């Protein structure tokens, strides 16, 4: 761990970056570039997740991991298939924001299957520090930092320092989701794309356009393999099929094109010659799926989210007050706070802010029978 002055400067840098309105990729690149001064590391990997399901939505790599994507699918299968107590999902659920594997295992990192069977043989990493990006009651991602054989393990003071960065880093990711602009949509109708993954985790069949949609999961020059998102989802689907989870896995993700997408997976019934297959569906996210995520990205309180939901439904201030059993003045106070956090000045601007980037540019596009816009080739994942 470096000096306390360096640590404070890094913490200040991250806080400023989190408020700078950068997109996710630019924010993380700048933040991790600053953070290495306080917590030196050989490599880092950042994963964003859907805050509702904690499923992987993208990965980005730095340092000695950059461009080394050949084992990403195996990582996704390990992280979501048979997760250990230090998996991102388990840490998030347990309320643990930072942990060092050397410290957690009392120096016996070989007791961790992830470290012993994956990190050490594939990358020669001897210690890992994990940080959960948590803002309030929502988790937006996690970062793993790695050290190699010739480096000392992470010490408790470094883990504690990382823990103090959980909220500002989460805030930067949260606001960064709203910073990118959707690619110009085309009007050629296209339905959901479907792909089938077999028991050996290979994509054996896919519908037209599925390959492009999977490619849209790439998140820029620092991205890990796009298929790692799929393999993580497939592992979660198999756990659901075995009765180890109660909810079918689904996630909402913003593709490189800027389009919001809904991805879900389900295990297929086995036949004599086909066992363990999973079907994955990728489609454009409709307003009911994406609005709660966009609203959550504003960093609103629970009551502010209630007010926002009613504003988006066109409910008048006095009716919001009646429904929530508060005064109209209290609703106005909530609205002022909501407008500040969303960067708008009125109800009209708030509604436009939520819908503009995905839906306003498509005002004249053809609609599906459901009333939602049809997807075009530029949105394929």
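In this note's numbering, the protein residues as written are 23 to 403. For each residue, glycine too, the CB sits at the ideal point set by N, CA and C. Remember, predicted model here, so these are calculated numbers, not experimental data.
**Request:** Could you tell me which residues DSSP puts in a beta bridge with residue 149?
**Result:** The partner list for residue 149 (beta bridge, DSSP) reads 169.
**Request:** From the DSSP output, in three-state form, read off residue 267 for me.
**Result:** DSSP places residue 267 in coil when its eight states are reduced to three.
**Asked** Under the three-state reduction of DSSP, which class applies to residue 115: helix, strand or coil?
**Response** Here DSSP, grouped into helix, strand and coil, assigns residue 115 to helix.
**Request:** Indicate, with yes or no, if the ligand NAP has a heavy atom lying under 7 Å from the CB of residue 83.
**Result:** Ligands in the displayed structure: none, and consequently the ligand NAP is not present.
**Exposure of residue 207, with buried meaning 16 or more beta-carbon neighbours within 10 Å** = Confidence is the limiting factor: at residue 207 the pLDDT is only 48, short of 50, which leaves the residue's position unreliable, though a coordinate-based value still follows. Around the beta-carbon of residue 207, 16 or more other beta-carbon atoms lie within 10 Å, marking it buried.
**Prompt:** Can you name the start and end residues of the alpha helix (DSSP H) that residue 298 belongs to?
**Reply:** Where residue 298 is concerned, there is no enclosing alpha helix (DSSP H), given that its DSSP letter is neither H nor E.
**Request:** Have a look at the DSSP bridge pairing and note the partners of residue 81.
**Result:** DSSP lists 69 as the beta-bridge partner residues of residue 81.
**Message:** Closest to residue 255 by C-alpha separation, out of 223, 245 and 235, would be which residue?
**Reply:** The shortest Cα separation from residue 255 among 223, 245 and 235 belongs to 223.
**Request:** Take the Cβ of residue 250 as the centre, count every other Cβ of all protein chains shown within 10 Å, and call the residue buried at 16 or more, exposed below.
**Result:** By the 10 Å Cβ count, residue 250 comes out buried.
**Prompt:** Taking the C-alpha atoms as reference points, what is the distance between residue 40 and residue 98?
**Reply:** The alpha-carbon of residue 40 is positioned some 27 Å away from that of residue 98.
**Asked** To the nearest angstrom, how far is it from the Cα of residue 262 to the Cα of residue 247?
**Response** A direct Cα-Cα distance of roughly 24 Å separates residue 262 from residue 247.
**Request:** Tell me, please, whether the stretch 159-172 touches the stretch 60-77 by the rule of three or more beta-carbon pairs shorter than 8 Å.
**Result:** By the criterion of at least three beta-carbon pairs nearer than 8 Å, the stretch 159-172 is in contact with the stretch 60-77.
**Per DSSP, the bridge partner or partners of residue 221** = Under the DSSP definition of a beta bridge, residue 221 lacks any partner.
**Asked** Applying the criterion that 16 or more other CB atoms from any shown protein chain within 10 Å of the CB defines a buried residue, is residue 180 buried or exposed?
**Response** Flag for residue 180 reads buried.
**Message:** At the level of alpha carbons, what is the spacing between residue 356 and residue 337?
**Reply:** For residue 356 and residue 337, the distance between alpha carbons rounds to 14 Å.
**Asked** Over what stretch of residues does the beta strand (DSSP E) that includes residue 285 continue unbroken?
**Response** Its beta strand (DSSP E) spans residues 282-289.
**Item:** For residue 231, the nearest candidate out of 215, 240 and 220 (CA to CA)
**Value:** Nearest Cα to residue 231 within the set 215, 240 and 220: 215.
**Message:** Taking a contact to mean a Cβ-Cβ separation below 8 Å, would you say residue 116 touches residue 151 in this structure?
**Reply:** In this structure, residue 116 lies away from residue 151, with their beta-carbon atoms at least 8 Å apart.
**Asked** In terms of residue numbering, what span does the beta strand (DSSP E) encompassing residue 121 cover?
**Response** Start and end: 120-122.
**Request:** For residue 157, name the three-state secondary structure that DSSP assigns.
**Result:** Reduced to three states, the DSSP call for residue 157 is strand.
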